[in-house]
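First the structure, in the form of structure tokens, and then the observations on it.
Protein chains: 6
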Amino acid sequence: MLPLPFSGITTFARSTHVPVNECGGVLAGDKPRIAVLGVPYDSATSSRSGARFGPRGIREASLLLWGYNNVQKVAPFEKLDVFDAGDADVVPVDIRATYASIEMATSTILSGGYRQLTLGGDHSILLPLLRAHAKKYGPLAVVHFDAHPDTWDLEYENQPYSHGTPCRRAIEEGLIDVEAYFQIGIRGPTGGPEDYQDALKLGARMVTYEEYRRLGAKNLLPEIHACVGPRPLYVTFDIDAVDPAYAPATGTPEVGGLTSYEAIELVRGLKGLNMVGCDIVEVAPPFDHAGITSILAANLGFEFLSLWAMQPGR
Amino acid sequence: MLPLPFSGITTFARSTHVPVNECGGVLAGDKPRIAVLGVPYDSATSSRSGARFGPRGIREASLLLWGYNNVQKVAPFEKLDVFDAGDADVVPVDIRATYASIEMATSTILSGGYRQLTLGGDHSILLPLLRAHAKKYGPLAVVHFDAHPDTWDLEYENQPYSHGTPCRRAIEEGLIDVEAYFQIGIRGPTGGPEDYQDALKLGARMVTYEEYRRLGAKNLLPEIHACVGPRPLYVTFDIDAVDPAYAPATGTPEVGGLTSYEAIELVRGLKGLNMVGCDIVEVAPPFDHAGITSILAANLGFEFLSLWAMQPGR
Amino acid sequence: MLPLPFSGITTFARSTHVPVNECGGVLAGDKPRIAVLGVPYDSATSSRSGARFGPRGIREASLLLWGYNNVQKVAPFEKLDVFDAGDADVVPVDIRATYASIEMATSTILSGGYRQLTLGGDHSILLPLLRAHAKKYGPLAVVHFDAHPDTWDLEYENQPYSHGTPCRRAIEEGLIDVEAYFQIGIRGPTGGPEDYQDALKLGARMVTYEEYRRLGAKNLLPEIHACVGPRPLYVTFDIDAVDPAYAPATGTPEVGGLTSYEAIELVRGLKGLNMVGCDIVEVAPPFDHAGITSILAANLGFEFLSLWAMQPGR
Amino acid sequence: MLPLPFSGITTFARSTHVPVNECGGVLAGDKPRIAVLGVPYDSATSSRSGARFGPRGIREASLLLWGYNNVQKVAPFEKLDVFDAGDADVVPVDIRATYASIEMATSTILSGGYRQLTLGGDHSILLPLLRAHAKKYGPLAVVHFDAHPDTWDLEYENQPYSHGTPCRRAIEEGLIDVEAYFQIGIRGPTGGPEDYQDALKLGARMVTYEEYRRLGAKNLLPEIHACVGPRPLYVTFDIDAVDPAYAPATGTPEVGGLTSYEAIELVRGLKGLNMVGCDIVEVAPPFDHAGITSILAANLGFEFLSLWAMQPGR
Amino acid sequence: MLPLPFSGITTFARSTHVPVNECGGVLAGDKPRIAVLGVPYDSATSSRSGARFGPRGIREASLLLWGYNNVQKVAPFEKLDVFDAGDADVVPVDIRATYASIEMATSTILSGGYRQLTLGGDHSILLPLLRAHAKKYGPLAVVHFDAHPDTWDLEYENQPYSHGTPCRRAIEEGLIDVEAYFQIGIRGPTGGPEDYQDALKLGARMVTYEEYRRLGAKNLLPEIHACVGPRPLYVTFDIDAVDPAYAPATGTPEVGGLTSYEAIELVRGLKGLNMVGCDIVEVAPPFDHAGITSILAANLGFEFLSLWAMQPGR
Amino acid sequence: MLPLPFSGITTFARSTHVPVNECGGVLAGDKPRIAVLGVPYDSATSSRSGARFGPRGIREASLLLWGYNNVQKVAPFEKLDVFDAGDADVVPVDIRATYASIEMATSTILSGGYRQLTLGGDHSILLPLLRAHAKKYGPLAVVHFDAHPDTWDLEYENQPYSHGTPCRRAIEEGLIDVEAYFQIGIRGPTGGPEDYQDALKLGARMVTYEEYRRLGAKNLLPEIHACVGPRPLYVTFDIDAVDPAYAPATGTPEVGGLTSYEAIELVRGLKGLNMVGCDIVEVAPPFDHAGITSILAANLGFEFLSLWAMQPGR
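Chains as they are written, first to last, in our numbering: chain A, 1 to 314; chain B, 315 to 628; chain C, 629 to 942; chain D, 943 to 1256; chain E, 1257 to 1570; chain F, 1571 to 1884.
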């Protein structure tokens, strides 16, 4: 008998709640350990706020996840020890204080031997996540699903940090290995031609949705595998990579994007890569209906866990 | 001049209301008779309740159906005598009493010479529907659209009946001809690998959404026709076979499913088979927006009627 | 610094989660212990289902509760040890199995020395709650807030149990001390004059909303205190006692009811009585907007806890 | 056992559907006959359209009406023969054609010996309703619940007919007996001081919400009774007389209005007057939430029926 | 730094507001001039009203449009002088008066040397738009995106004008060059086979969605280019051409339609044609969720502007 | 003929748009000038974000405001020159930069001889508003409508500025004349007894909702007038002073608050005081339904303008 989705306390997929500051070595078992960390921060969004409720929405939807992945043929919750680390502290009025908190929480978790699946929050949180991961793993290959390149220099006057700039900052700080940085799903109007040009100049392999339609997963995935190889890989999934029909609950929706099937197919195709960290961001439940965006995000989280469960040596 | 969709009493497609207990021979004309029966029962759902409002929602949406099917080139309301039999009695607290009521209502209707299009209600109602149909037609070929196999043994402790078990019960009772039992659209996490294995062991030809994408309608439909042949066919359509972007209003949505176009194309492709009964279930209007799920369900009902209108001798 | 309402795991008011089966003596401190138990069952509703999401909705809203009650001048979370016992097991298709589970969970909690605040669920759950409480405390004085008397004999054919019958069953079983049974907020159309007459015959002191408007809290509360005196008191609060403008998210709303202020004022006025158990039922979040019904329910829970915190000897 | 509110075909309170053109004498029984007529027309609204769905929304909500009025102590569906006449034909692009249709339908119904409860539709429909009633009964005393006087001369250039002008037109046509014309609930900004002045000049006894608060029902109702006396009375209830907290689903909401309790108390207080017709208008379900506006409107309809059921000789 | 989408006054894409009657020559610069005109009229809809809020909804969503079109490689707001002309006067109760107003406003704008992007409003407004454009340009090639042919003769008794008839009226009046009239996206039930036959007889090249799926954009677009050639082209985009999953906010949704990507791809493919006017109609924001329909409509507007910006000599 | 509320560009009540930096003396007429300034900042909220859409929501609702105040008997748009100054620049990630921008914009406006009605935004914006006003007028009497005292010292660690602290900061900075500082509508749980005690120590005259119910407007208003006298008065209206039934769209709703009628009555009662500035904050449209909160806020704005229009010498 499986537990009823409408019943019980809403940790991620009913995993045990272990607060961040208890993510030391004490819980060590034989299985690889995963911590799910929420980051309920949305003060860096440029259009609709609401992603602060992302972790809660995704956790609630995650109770619909039965445990077995029929396509990947793996049961991630059996292969892994998954814990819910709750939410990082955030300071809505101060992005620098928030960044410090996120980085510290993530570093604590990583130092405890966990890998971390992060639930955002707006995309500004990527920077401290990459800081913590790069500190441990060195510069990271990155697969970045998004409608927007997020490589702006300044989105708000004099403000280096926002949800449109984290990838540029990360490259400047040497956190991203630009030899292996994919942007997938990019589309929609931009401020000018320089938006794309800048991303390319910074080293990104940008795959617009239009190009994805031409390539298909069957051509794109081998290119990613060939390029990333054994590098430590971080995957960041901005839910607005997906079309608003499938993911309405987000801050800056762009029409003409990935279907949910296409999104999941691409994530599944990352099997075999050395993913060391991942996140799902920009889910804004106040704009959802029937929970469909949160359900998609929860399923993406399940696919990420499945990838980890299939890693050799894991 | 067509009647205005926002006006009038909401029977299915403005058909005449004939309560179940009046579905005797008195209304017989020359045309084949169809009864549309609602079954507003949702106490067997494992996640979101709300399908008790399915019949009402679909009826309201059905007022948008003009009468001519341009793809099939048939006017079902001219070829058939369609009546709205209202709703079967249900007992929210007692599934056995509800089952008895559904079976009796359906048997009454079938014995009156009608064929029945049923509007659910959650999928648990399939069992008494199959009981009534098999009593008249013998074991039934079944085309079953769904995200889930519904062949669990027990979903709730000690409870043989629920919305996850009707197909196993039906097979155990000999209601389904397992030589011709298709499951289409299956996907998403399950409790374990045994969920799919059990369905296969029970005899189902399971077509996951992933396999459907590989086959396409052009390969799948001939396989169905070849297998089903002249057998009496029952078609059960759980709306969660469709992706939540197209059908958000359902109890246990699974991302990555059929589009509305794909769903309708498959139903249209059943033309020529000996369909003797059909249903549309798991539409939960409290979770709908802009009525899009109910509108899709009403159109599926229209396609079912069109299939009947094209049957030879009908 | 108070924790942020949008952050963290959603137990009731961030209380520690202690599953029902761990509600033994081990956690005993010096303070009175309270367990908050969810009962996510809604299969007995006669109109809109959805109350199965009541416990989750109220827990989420409870994160808005800061800890100090300025009117009662008490800090319940300091005076009491409040735990969240999670949700009782329920069986959507079987009310008797559900009743057994609720009664067992409640008895376990009560036998552990806790008092219990229950979050429903539809009002049918009152019966097993009263069974468990009466087993410990004997027949109970009851203050029952509701738009409906819930003293029907049969709501569904041959079914003694449903959300319209628990009070009659409880009286028949001797669980309610009919010398001290108040119904407050009753209003709206009924099946016939016998609905009210039956309640009166069974011994209820029925205070319709119309009578409440004439009496006011200042006359009604002394009457309750005079009648209840030192008896063990159970308070059951069906949220539809409140007007749908203030509590839209419920299954059978009745217009013309209590405002939220009036509801809270009445609950506060129970100060000094020997309340031994309480519940808040019929909150159906799928019909809420902006969470206002869940927020009201969470505040009612806070007022109940405040009553306990002010009990002499507690 | 009462029928379940979520089940069955949605005529008003499950009354028998008798189309307008069959409202002849054939159905005559011993009881007074009432026809409920929908008028789904909203092209005359000046702000939010949507009232075309008013009749459907109110019918659906009416299934929550059990049959006995406990305050008035009457069972209207036993005392009266209530029929649902369906909806009048309307022509969205042509208000004159719509007016002709409404007047004809109403005259047909009245000539069949019925009294008519009309469900709007926007308030422009009042004019043809009054035309038909005045043709039978002569100039009518009118009790008019509304936030707005609806006595504008022209709302749109060169257009005598709209939802802001019907009362002026009706007075000009001699349909209203201005010796007995009450406007209740008037409030909010107007185009200028002349809006109120004009209503007063035309003969209306305007009771603003502010004045109502001073008077109370206990003073206002006797004034109405004294003034109206035995005259034939028409009651028109624009739902925006009620505060948007209680009735959000309307086209031109005005804050600071009647509560649902106050509205119902006033309607109940019309007991004893010679009401010959009534309507409930401006319910716009697309703007409703949890159906609370439609539920209120259905209850107002129930109160109107109760008034008729208590008329001497009826 | 781009302006924040949630900030500022909501003209279309922050363009300068120039009321219609000021659209004379005074603002002339060197760039081609475009006026965006809203037409908030929805009294001709046959199902759900609400399109009167279309212009407002699309304007609000347009603030998400950054200025550069990465696929077409053009910055329309730099290449063009785009102004927001506000809304045409409409008369909800009188379609003829509304038609006169729309035609006059459009003629004023066209005579000022502007081209016009119109934001509806229901599709009935197409007729006066075509009248004004044909007066200037002669009979127009038309590319008409829609689920419905809109070539009915009469939708309401005796009413030549409604949202289902404008294309027939336009052909009768010689406004459309039927040698180059495409209907794209047609689907769903119709009143009978004559609905499609009539459109074909009138000269339309009807591309049903089913045919589009067979052809693809790569075959359809060359056919359009070959047929339209240098003729003056008017493009009318009824948002219900798009599937309700992507565009729920419309009056008469039909399942099984274009995705947003397909819609935009087709519009982009009109590059090189001599488009002289265009509109986006039937967006009904009260039925939207998360603004996804308005966002799609705003993007379609952006693509139309991009087409203009790429016209030679512009 | 009044303009149609669904038509046209949405400045506040259709007032002329004059950007902040043009608010110099050039527009000077004989009438007192008012600027309506939006401040779309919500990064300081502690619960639900969304108030960044407050200015837009209130502007849209303001189109329902006809121009004459029947209770106050004044036409504010005739007596005053009202302009819409658009929105102040905000920086979501930096509250200090936002504060500087708000203060500068407000100072510019005040120095142009305008008085300012501000539309928030969360309540943190009060501080720079008071800074700008106090710079011109000296320490201000303040009437502060709210459910919360907003006199916390620190809401987030080390952060002096947030939406729970502006009143303490303002008192510390000498901006508020604590001899005349009223808090009205305070209620709900707080962190501890010190929350209220601190407000009292700081000099506030706190009127909880419970006390308001005892006093009534008839006693409270004279107290305010007696205390404030001729001092320059600033009125800040946090919409959560109103009960969530009437104002659901806000970040930290508290049940049991003011009705809309009570709120407006109190504002009207400020007639005669020397109000020099005012605001309406914490309206969060993503949580609204049917626009009722925005409509209430727009009406409060209208009442503020009416107060100014009645000031002697204005």
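Just so it is clear, CB atoms sit at the ideal spot from N, CA and C, and this is done for glycine as well.
Measure from the alpha carbon of residue i to the alpha carbon of each residue in the options, then state which is nearest.
i, options, result
"V1032/D", "S321/B, M520/B, D356/B and A563/B", "S321/B"
"A1621/F", "Y1669/F, G1871/F and H1733/F", "H1733/F"
"S1043/D", "E1002/D, V1120/D and G980/D", "G980/D"
"A1239/D", "A955/D, G1211/D and I1166/D", "A955/D"
"W936/C", "N786/C, L708/C, S752/C and P720/C", "L708/C"
"T734/C", "K764/C, T878/C and T793/C", "K764/C"
"L1082/D", "A1146/D, V1209/D and E1099/D", "A1146/D"
"H462/B", "P536/B, G571/B and S425/B", "G571/B"
"L1572/F", "T1235/D, E1114/D and W1094/D", "W1094/D"
"C795/C", "G900/C, R842/C and L830/C", "L830/C"
Measure the C-alpha to C-alpha separation of residue i and residue j and round it to an integer number of angstroms.
i, j, result
"V699/C", "Y1779/F", "10 Å"
"E617/B", "A399/B", "19 Å"
"A290/A", "F1623/F", "23 Å"
"L4/A", "L1476/E", "50 Å"
"S677/C", "G695/C", "32 Å"
"E1411/E", "V883/C", "40 Å"
"D1716/F", "P1823/F", "10 Å"
"L1870/F", "D1140/D", "26 Å"
"L64/A", "A716/C", "18 Å"
Starting from residue i, follow its DSSP beta bridges and name the residues at the other end.
i, result
"A1083/D", "L1175/D"
"L433/B", "G352/B and I594/B"
"V1777/F", "I1754/F"
"T1272/E", "F1339/E"
"N69/A", "V74/A"
Mind pulling the chain H residues with CB within less than 7 Å of residue i?
i, result
"G256/A", "Considering every chain present, this structure includes no chain H. Its protein chains are A, B, C, D, E and F."
Exercise. On the three-pair Cβ rule with 8 Å, is the region 697-711 of chain C touching the region 811-822 of chain C?
Worked result: Counting C-beta pairs closer than 8 Å gives fewer than three between the region 697-711 of chain C and the region 811-822 of chain C, which falls short of the contact rule.
For this session: Report yes or no: do three or more beta-carbon pairs, one from the region 589-597 of chain B and one from the region 1485-1493 of chain E, lie closer than 8 Å?
Result: In short, these stretches do not touch, since the Cβ pair count stays below three.
For this session: Compile a chain-ordered list of the residues in the region 1762-1773 of chain F whose CB is closer than 8 Å to at least one CB of chain C.
Result: Per Cβ criterion, the list reads G1762, P1763, D1765 and Y1766.
For this session: Determine which residues of the region 379-398 of chain B have a Cβ less than 8 Å from any Cβ of chain E, and write them out in chain order.
Result: Listed in chain order, the positions of the region 379-398 of chain B with a beta carbon within less than 8 Å of a beta carbon of chain E are L379, W380, G381, Y382, N383, N384, V385, K387 and A389.
Exercise. According to a CB-to-CB cut-off of less than 8 Å, which residues of the region 1592-1622 of chain F neighbour chain A?
Worked result: Those would be D1612, S1613, A1614, T1615, S1616, R1618, S1619, G1620 and R1622, in chain order.
For this session: Output, in sequence order along the chain, the residues in the region 1655-1674 of chain F whose CB is closer than 9 Å to any CB in chain E.
Result: Residues of the region 1655-1674 of chain F whose Cβ lies closer than 9 Å to any Cβ of chain E, in chain order: G1656, D1657, A1658, D1659, V1660 and P1662.
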